[in-house]
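A.B. asks: These protein sequence lines are chains A and B, in that order. Going by the numbering used here, the first sequence opens with residue 1086, and the numbers climb by one from there. Going by the numbering used here, the second sequence opens with residue 1086, and the numbers climb by one from there. We treat Cβ as the ideally placed atom computed from N, Cα and C, and that holds for glycine. Once you've had a glance at the structure underneath, I'll fire off some questions.
Number of protein chains: 2
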Amino acid sequence: MDLQLPKGTRDFSPEEKILRDKIVGALKEVFELYGFAPLETPLIEKFEILASKYAGGAEILKETFRLKDQGDRELGLRYDLTVPLARYIGMNPNTKMPFKRYQIGEVFRDGPVASSRYRQFTQCDVDVIGSSSMAADAEIISLIYTAFSKLDLEIAVKVNNRKLLNDALNYCGIEKSRQESVIISIDKLEKFGINVVKNELKQQKLDDKKINTILGILNIQGNNQQKISQLKKILKNSEGLVEIEQLLECLKIINLEADFDVSLARGLAYYTGTVIEAFLKSSSVKSAVCAGGRYDGMLGAFLGKGSYPAVGISFGVDRVYDAIFEKQKTAQKTNTQIYIIPIKTLNESLKIAQQLRNAGINTDIDLLDKSPSRNLEYANSFAIPYVAFIGKKELEENKVKLRDMKSGKEEMIDLQTLLKKLKS
Amino acid sequence: MDLQLPKGTRDFSPEEKILRDKIVGALKEVFELYGFAPLETPLIEKFEILASKYAGGAEILKETFRLKDQGDRELGLRYDLTVPLARYIGMNPNTKMPFKRYQIGEVFRDGPVASSRYRQFTQCDVDVIGSSSMAADAEIISLIYTAFSKLDLEIAVKVNNRKLLNDALNYCGIEKSRQESVIISIDKLEKFGINVVKNELKQQKLDDKKINTILGILNIQGNNQQKISQLKKILKNSEGLVEIEQLLECLKIINLEADFDVSLARGLAYYTGTVIEAFLKSSSVKSAVCAGGRYDGMLGAFLGKGSYPAVGISFGVDRVYDAIFEKQKTAQKTNTQIYIIPIKTLNESLKIAQQLRNAGINTDIDLLDKSPSRNLEYANSFAIPYVAFIGKKELEENKVKLRDMKSGKEEMIDLQTLLKKLKS
């Protein structure tokens, strides 16, 4: 048998999984701090839901895994957690609003044949449905800061507004029908540089004047206030610009900041207002570790209404994981607190293991009757902090021989004292 | 758009998900108490791995969702967590043994077209790889008891041994090649009754004498010790019987019991020794809520060895969930501790929300400027325990008006006292 993983997937060993669980646990805690409630939707959706024109768009659909059930029903693996949320709200129209939900789960994107991109990855999403207040967008940015502070990672947050981008494209005389594809090109500015974007825009048959005007606007310099002043002069009454001002004002009240970046676009078609990206300040992970924005159009479509307010972000657990993994010197290898080595005392040792567990101590025990030295080597390889030898002598004295694996110190200790020590 | 879930899948609303998270959290805690380490494998596997003849067998393969990636590679959604574990060990032959891992994740089984069975469900698995000691099997049974005690559900545990069943079938003169399908029929005894099993065995062309002998053995009465004595007389030296004796002995040492049930078979082809099932004592959920056993053959195949010891069980989270949901009178609807109602004080209220969150209090806040009565109704619908009104007067006094939603009592309270109250 040829043992291989599907291309673009990976296993997480216990050591890696302990770190992943910590990250997800920290995010979950922060989501609940901000009053978000958990939701779980299936990993499979009907294909027509994923393919809805209000959903991710053609780019993503090309990368959607398709499958059928025994009844020949067309299904797909979800490519994000936003479309399932919209479907959920659509199916549960009596959901109390605002609906603040978080969801943590796997999503799938089938990359090009030879691509080494991950085809399965974990997303952690928070969304506020039913509030168009910029205070909701500000709360989400506040949540981002709290989350990364909990993860001990320094970030910078960038914001922009899709309406503002559309206003800028209107100003440049680019027709509405072409704005979406222009925005998808603009999104590549940070990653691929100005020449790539210029070429793409030329291929879209924009004339040089239009290209230069739009690139000029995207390149406006200065601090947030200076950028806003300059844009006001050019665009006059831009609703997007007003929203950006409100958002930054709201952040200031809670002592937070974000960089207003006119060139920030986000590739996905469904954004309608604020767009947000967070980047790590010092890490080889250069892509956004968290991103999202307003998408007032999608929910409306699923609810059969014109437009319905929604704002949300997604944390990329895999990138956060890679950044923390790169940063940390030593990984936590186990959650086990003590390893019991019975020396011809398996039955009595099993009883003692049981007592430790009843007291809430994570306890492992040798069941293979290995030699003490091989047992020590085993415990050491997982960096289990304590080992307890239990031989006849120890049983007679009602004690165990406890070895502190870090210092190498050994002591005879009774069970009550041991419990106290491990509990603290 | 026709908003529907794929057949056999379901959403879990926040209220339902809070309960599911509690169940999974409790199991995770118990797994770590027993020294198991977490593992994560992808939801997609190469189809040839899932189809390995040492894996689940034809019955399960028929229900395996198949898909292809853009490179036309044959893939499948995993139908359990055991085959991926075997694949992991095979790909990581230097894994330290014994390898005690747990894994919690979704698995998929595509039922017959009209079946209402769940096509996606959550499994929580623990497995000990590399120990053939019956102490490992006993530890796993001990873990089952601890887990259900933590979940406040009373269970009965049944055990049997596949080798013993094979010995019994040998005794009845049933050829080795036919024993697997006979065992699959025997597995239906509890669920469908003796006549269904008799008919199935007749269809397998067993003569009446053989059928009666085997059913006689399966029907042996008495307590564990009496059953063992009777079987010893019939089967003489049965390795399976010796293992059952050792297992029950080991359980006795740690003050636990299990019902020895000779008719317990487990449908899956890969079991080779101990089989285990746990049932709820009082619940409408009649199927096993936890089941597993020894499967020394599968790992060997994936490792390229003859046989390699492995024992494990799987908790059915969905059934446990259904049982607790049925039992509990009132569900916990939120993790939010306090809901802030700003009365024309949004900015200052956002600051106070931030202070509460910094102190670790799960805090929600009205961002829609709803009326106080609609806000109270909203908080009440989620059973959020406290509401804080913040108006101009409260801000002047540096206090909030706190309402205990259960008693309806209100008091003016400063932030420090509020924090203390909510922390306790």
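1. Of all the CB atoms in chain B, is at least one closer than 8 Å to the CB of Pro1099 of chain A?
2. Counting only Cβ pairs nearer than 7 Å, list the residues of chain B close to Gly1382 of chain A.
3. In the stretch 1150-1179 of chain A, which residues sit with their C-beta less than 8 Å from some C-beta in chain B, listed in chain order?
4. Please report the distance separating the alpha-carbon of Ser1458 of chain B from that of Lys1113 of chain B.
5. Is Lys1243 of chain A helix, strand or coil when you go by DSSP?
6. If I'm right that Ile1225 of chain A touches Val1396 of chain A with Cβ under 8 Å, what's the distance once you round it to whole angstroms?
7. DSSP puts Val1192 of chain A in a beta bridge; with which residues?
8. Return the Cβ separation of Tyr1164 of chain A and Phe1193 of chain A in integer angstroms, given the expectation that the two are a contact with Cβ distance under 8 Å.
9. For the beta strand (DSSP E) containing Asp1489 of chain B, list its first residue and its last residue.
10. With DSSP collapsed to three states, give me the class of Cys1335 of chain B.
11. Check whether the Cβ atoms of Ala1232 of chain B and Phe1400 of chain B sit closer than 8 Å, and answer yes or no.
12. Could you tell me which chain A residues have their CB closer than 8 Å to the CB of Ser1509 of chain B, listed as they occur along the chain?
13. Can you tell me which of the three DSSP states Leu1124 of chain B falls into?
14. With a threshold of 8 Å on Cβ separation, who are the neighbours of Thr1094 of chain B within its own chain once the five nearest residues in sequence on each side are excluded?
15. Does any C-beta atom of chain B lie closer than 8 Å to the C-beta of Val1402 of chain A?
16. Report yes if the C-beta distance between Thr1126 of chain B and Asp1222 of chain B is below 8 Å; otherwise report no.
17. Under three-state DSSP, which class holds Ser1458 of chain A?
18. Check this for me: beta carbons of Asp1344 of chain A and Val1370 of chain A, under 8 Å apart or not?
19. Cutting at 7 Å between CB atoms, please list the residues of its own chain near Ala1136 of chain B, excluding the five before and the five after it.
20. Could you tell me how far apart the beta carbons of Leu1507 of chain A and Ile1498 of chain A are, in whole angstroms, since I believe they sit closer than 8 Å?
21. Are the beta-carbon atoms belonging to Thr1421 of chain A and Asp1449 of chain A less than 8 Å from one another?
22. Could you tell me if Ile1134 of chain B is buried or exposed, where buried requires 16 or more neighbouring beta carbons within 10 angstroms of its beta carbon?
23. Report all residues from its chain with a CB closer than 8 Å to the CB of Lys1477 of chain B; omit the five preceding and five following residues, and keep chain order.
24. Distance, Cα to Cα, Ile1302 of chain B vs Ala1253 of chain B?
25. Between Asn1432 of chain A and chain B, is there a C-beta pair that is closer than 8 Å?
26. Along the alpha helix (DSSP H) that carries Arg1105 of chain A, what are the first and last residues, could you check?
27. Threshold first: 4 residues or longer. Then list the alpha helix (DSSP H) segments lying entirely within the stretch 1296-1336 of chain B, N to C.
28. In whole angstroms, give me the CA-to-CA distance for Arg1442 of chain B and Glu1117 of chain A.
29. Given that a residue counts as buried once 16 or more other Cβ atoms are within 10 Å of its Cβ, and exposed if not, what is Phe1121 of chain B?
30. Identify, in the order they occur along the chain, each residue of the same chain with its Cβ nearer than 6 Å to the Cβ of Phe1467 of chain A, setting aside the five sequence neighbours on each side.
31. Going along chain A, which residues have a C-beta under 7 Å from Val1198 of chain B?
32. What does a CB cutoff of less than 7 Å around Lys1295 of chain B pick up in its chain, not counting 5 residues either side in sequence?
33. Taking the Cβ atom as the reference point for each residue, do Ile1271 of chain A and Ala1363 of chain A lie within a distance shorter than 8 Å?
34. How about Ile1409 of chain A: is its C-beta nearer than 8 Å to some C-beta of chain B?
35. Exposed or buried, what is Ala1143 of chain B when buried is set at 16 or more other beta-carbons lying within 10 Å of its beta-carbon?
36. Determine, using beta carbons only, whether Leu1088 of chain B comes closer than 8 Å to chain A.
C.D. replies: Let's see:
1. yes
2. Neighbours of Gly1382 of chain A on chain B: none; closest Cβ ~14 Å, over 7 Å.
3. Phe1150, Arg1151, Leu1152, Asp1154, Gln1155, Gly1156, Arg1158, Leu1160, Leu1162, Arg1172, Tyr1173, Gly1175, Met1176 and Asn1177
4. 41 Å
5. Lys1243 of chain A falls in the strand class under three-state DSSP.
6. Sure, about 6 Å apart at Cβ, within 8 Å.
7. A:Phe1206.
8. 6 Å
9. Lys1484 to Asp1489
10. helix
11. yes
12. What Ser1509 of chain B touches in chain A: nothing, since even the nearest Cβ is about 18 Å away.
13. coil
14. Tyr1203, Arg1204 and Gln1205
15. Judged by the 8 Å Cβ criterion, Val1402 of chain A is not in contact with chain B.
16. No, Cβ-Cβ distance for Thr1126 of chain B and Asp1222 of chain B is not below 8 Å.
17. helix
18. no
19. Leu1146
20. With a beta-carbon spacing of about 10 Å, Leu1507 of chain A and Ile1498 of chain A fall beyond the 8 Å limit used to define contacts.
21. With contacts defined as CB atoms closer than 8 Å, Thr1421 of chain A and Asp1449 of chain A qualify as a contacting pair.
22. buried
23. Ile1428, Lys1429 and Thr1430
24. 7 Å
25. yes
26. Pro1099 to Leu1118
27. 1309-1320
28. When rounded, the distance between both Cα atoms is 9 Å.
29. Buried, since its Cβ has 16 or more Cβ neighbours within 10 Å.
30. Lys1418 and Thr1419
31. Ordered by position in chain A, the residues that pass the 7 Å Cβ test against Val1198 of chain B are Gln1155 and Gly1156.
32. Cys1257, Gly1258 and Ile1259
33. In this structure, Ala1363 of chain A does not lie closer than 8 Å to Ile1271 of chain A by Cβ.
34. no
35. exposed
36. yes
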